[in-house]
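**Student:**
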Amino acid sequence: MEKVLCKDIMKGETYWELYRCTERMNFDSTEKLKKKNKEVIKYLSKLKDSGRSEEAIMLFKKDQIAWKNYVVHRCAYKGHSYDKDSYVYFSNKDLCEAVENYRRIESLDGELNIP
């Protein structure tokens, strides 16, 4: 049975449900991305070419840093019109980061035949 991430909190009664759900989505996507990053590094560490493994891991880590920078700026841009102290701002930020994390996971799934 497939687990629905926010089923237990989404009753359709308050905005708080939405805020909690986006927070949960961000946490879930962050944990899944951390796991995927570990899988990628493990895969890259097994490359047979001497010295290529370390270079590949270093380049992947740099790519990940650049991607995180993209997410920070992308989500700041998408939420620039909201009051920075509002729940709407934080919910929008959480949702944006979660979406980008899930996209990154999909992207990594398709690279280098990484399982």
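Per my numbering, the very first residue in the sequence shown carries number 64; after that it's consecutive. All residues carry an ideal CB built from backbone N, CA and C; glycine is no exception.
(1) Where do the ends of the alpha helix (DSSP H) carrying Lys125 lie?
(2) Taking DSSP as the reference, what is the three-state secondary structure of Met68?
(3) For Tyr150, I'd like the list of residues in its chain whose CB is within less than 6 Å of its CB, leaving aside the five on either flank, ordered along the chain.
(4) Can you name, in chain order, every residue of its own chain whose Cβ lies under 8 Å from the Cβ of Cys69, other than the five neighbours on each side?
(5) Put Tyr145 into one of helix, strand or coil per three-state DSSP.
**Tutor:** In brief:
(1) Taking the first residue of the sequence shown as position 1, residue 125 is located at position 62. Segment 115-141, the alpha helix (DSSP H) holding Lys125.
(2) The residue labelled residue 68 in the question sits at position 5 within the sequence shown. The sequence given here has Leu at residue 68, not Met. Note: Leu68 maps to coil in three-state DSSP.
(3) Mapped onto the sequence shown, residue 150 falls at position 87. Within its own chain, the residues whose Cβ lies closer than 6 Å to the Cβ of Tyr150, once the five positions on either side in sequence are excluded, are Tyr82, listed in chain order.
(4) As a first step, residue 69 must be located in the sequence shown, where it is residue number 6. The answer, listed in chain order, is Glu80, Arg83, Cys84, Arg87, Met88.
(5) Counted from its first residue, the sequence shown places residue 145 at position 82. Three-state DSSP puts Tyr145 in coil, outside helix and strand.
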